[in-house]
Each structure stands twice: as C-alpha cells, then as structure tokens.
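> My questions all concern the structure below.
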Amino acid sequence: MDTIYTSGAYLESTQTWHTEDSPWKAAQINKIISKNHIHPLRVAEIGCGAGAILDELSKKDSLCRAHFEGYDISPQAIELAKRRENKRVQFLCGDLLSGTNADHFDVLLVIDVYEHVPDYMSFLAKCRIKADYKIYHIPLDIHVSSVLRNTLISNRYTLGHLHYFTADSAIATLKDTGHEIVDYCYTNAAIDLFKQHPSIKKAVANVPRLLFQKLSLPFAVRVFGGYSLLVLTK
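Residue numbers (the working numbering): 1 to 234.
What follows is the structure, encoded as structure tokens:
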C-alpha cells in the first residue's frame, strides 16, 4: 500500500491531500493541547501530507514558542509541504520511526494515519516512545450506517483505509500498544465543515446526527457515523 503514497496515486486521487480540512483539524488539536495545559517546544507530525496542519498550528498564539517538524514518505506530499516551510516549520521526506532516527519530541501528531498502515500495532508501539505526548485522530468507520451501506470496502480504495475502528476498539488498540490515555473527544467534520462542503446528501445525513447527539453522542456515533476520535496519550 505504500506505493500509492510514493507513486503519486494518492495525490492524484485526493487532488489536495485533504488540505481544505487542515484549519479545522489544527483547531481541534490546539484545543486538546490547551485543555491539558501542554506547552511543547518540539512538535512532530507523522504522515504530515502537504503540511497544512503544522502550518496552521504554528500560527496559534499558544504555540508561538514551538518548533514543528513534518515527516511523510510521499515525495509528492513533501514537495507541496516545502512551500509552507519557515524558520519554525520544516518538512522531511522519510520515516520518522526508522531505527536511524533518534529524535524525541514533546508532542507527536498522528492525524488520520494509522488506519492506513498495514502493521498498525507495531507502528503505534514505535510512536509511543517518540514523544512525551501523542495525539491521534482516528476515523470511526464502523457504525450501523456503514455496515448497512457497505461503505467499508469503497473507503478502502478511495481513502486507503486498511483498518476500521469503533471508539472502543480505537482506545483498546492504543492501550494494547502501551499508551496511557490522558484525554479524548469526538470530532465531527461532517457537521463542523458542512458550510465548507455543502450538499443535499450531507444535509440529510446531518439531521439525525444533530438530533440524536443531543440525546446521546456515543449512540449517534455508533449508529450514524461521520465522527472521528481525537485522543491524547502519554
């Protein structure tokens, strides 16, 4: 599967490497960092793509002292990311978790990544020792709606997802790889970014999400989908 990221196929499929959602993702990350009173000086991101998340985070007042490093195995992604480099933000094409890289960070970002990795358990075990704090954003692909509509296989080929999670299995996976859960919350780009990506289909799907999440957010997540999990670990 690495070949779709190194060959340019993933960029061709996504066109933007999902940079349009990066300001929203950066805002969610900044919230959980600020909520837990973390003041990092070195922040790294694995699978940084076109680098827009780190670019957005570098503009946050609360992170004005931090230095940011983005890593990706895709030369096409890093070529895009290099356009965002400055004195505090740098991007490198390579594997941060390789045995030759001994760097250690205050915060490691793994945003919508480990569902793409074939050996995700070994990947997460290596992530755990690379930073004091880790922040994971995990799409929750398994829900009643996805099973009924059989969207898991289509997502495998359109989004490159090899593994699928519920909130419980995502948390269990992190615990099983030695992570200590510090904080977590649900995120919902489908609702939060609706004005940015409007459509009748999304509007119809968001109605039950909005109604049921007021009664029980976990129930809405399990039944209707469209949510991800943002997790802060040690």
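Using N, Cα and C, we set each Cβ at its ideal position, and we do this for glycine too.
Between residue 37 and chain D, is any beta-carbon pair separated by less than 9 Å?
The chain inventory of the structure shown lacks chain D, comprising one protein chain alone.
> Using a Cβ-Cβ cutoff of less than 8 Å, which residues in the same chain neighbour residue 1 once the five nearest sequence positions on both sides are dropped?
Taking the first residue of the sequence shown as position 1, residue 1 is located at position 1. Its pLDDT being 49, under 50, residue 1 is placed unreliably by the model, and the measurement read from it follows with that caveat. Answer for residue 1: 116, 118, 160, 162, listed in chain order.
> Would you give the residue range spanned by the beta strand (DSSP E) that residue 228 belongs to?
Here residue 228 refers to the residue found at position 228 of the sequence shown. Counting along the chain, the beta strand (DSSP E) containing residue 228 begins and ends at 228-233.
> Give me, in chain order, the residues of the same chain whose beta-carbon lies closer than 7 Å to that of residue 91; leave out the 5 immediate sequence neighbours on both sides.
Counting from one through the sequence shown, the residue named residue 91 turns up at place 91. The residues are 48, 51, 70, 78, 81, 82, 85.
> What alpha helix (DSSP H) runs, 4 residues minimum, are completely inside the stretch 103-133?
Counting only runs of 4 or more, we get 120-128.
> Can you give the Cα-Cα distance for residue 188 and residue 104, rounded to whole angstroms?
Here residue 188 is taken as the residue at index 188 of the sequence shown, counted from 1. Here residue 104 is taken as the residue at index 104 of the sequence shown, counted from 1. Each residue's alpha carbon lies about 31 Å from the other.
> Any idea which residues DSSP pairs residue 138 with across the strands?
To locate residue 138, count along the sequence shown from 1; it is residue 138. 229.
> Taking only runs that begin and end inside the stretch 28-61, name each unbroken alpha helix (DSSP H) of 4 or more residues, in chain order.
Complete alpha helix (DSSP H) runs here, min 4: 52-57.
> How many Å lie between residue 168 and residue 129 at the Cα?
In the sequence shown, counting from the first residue as 1, residue 168 sits at position 168. In the sequence shown, counting from the first residue as 1, residue 129 sits at position 129. One C-alpha to the other measures close to 23 Å.
> Measuring CA to CA, which of 42, 111, 19 is closest to residue 65?
For this step, residue 65 is matched to residue 65 along the sequence shown. Nearest of 42, 111, 19 to residue 65, Cα basis: 42.
> Spatial neighbours of residue 93 within its chain, please: C-beta separation below 6 Å, excluding the five flanking residues on both sides.
Numbered from 1 along the sequence shown, position 93 holds the residue referred to as residue 93. Excluding residues within five positions, the ones whose Cβ falls inside 6 Å are 75, 78.
> State the Cα-Cα distance for the pair residue 144 and residue 102, rounded to the nearest angstrom.
Position 144 of the sequence shown, counting from 1, holds the residue named residue 144. Position 102 of the sequence shown, counting from 1, holds the residue named residue 102. Taking the straight line from one Cα to the other gives about 43 Å.
> Just to confirm the assignment, what range does the alpha helix (DSSP H) spanning residue 92 have?
For the purposes of this step, residue 92 is taken as the residue at position 92 of the sequence shown. Segment 89-93 is the beta strand (DSSP E) holding residue 92; no alpha helix (DSSP H) there.
> Where does residue 179 land, buried or exposed, given buried means 16+ other C-beta within 10 angstroms?
Taking the sequence shown and counting its residues from 1, the one referred to as residue 179 is at position 179. Its Cβ being crowded by 16 or more others within 10 Å, residue 179 is buried.
> Taking residue 224 as part of the beta strand (DSSP E), name the residues at either end of that continuous run.
Position 224 of the sequence shown, counted from the first residue, corresponds to residue 224. It is not in any beta strand (DSSP E) - residue 224 instead sits in the alpha helix (DSSP H) that spans 217-224.
> Closer than 6 Å by C-beta to residue 136: which residues in its own chain qualify, once you throw out the five before and the five after it? Chain order, please.
Within the sequence shown, the letter at position 136 stands for residue 136. Within the same chain, residue 136 has close Cβ partners 110, 231.
> Could you tell me the boundaries of the alpha helix (DSSP H) in which residue 157 lies?
As a first step, residue 157 must be located in the sequence shown, where it is residue number 157. 152-158 is the extent of the alpha helix (DSSP H) around residue 157.
> Measure the beta-carbon distance from residue 166 to residue 124 and round it to whole angstroms, keeping in mind my assumption that it falls under 8 Å.
Looking up residue 166 in the sequence shown gives position 166. Looking up residue 124 in the sequence shown gives position 124. Actually they do not touch by this definition, with Cβ atoms about 17 Å apart.
> Helix, strand or coil for residue 1? Go by DSSP, reduced to three states.
As a first step, residue 1 must be located in the sequence shown, where it is residue number 1. Bear in mind that a pLDDT of 49 at residue 1, under 50, signals an unreliable position, so the model cannot answer this.
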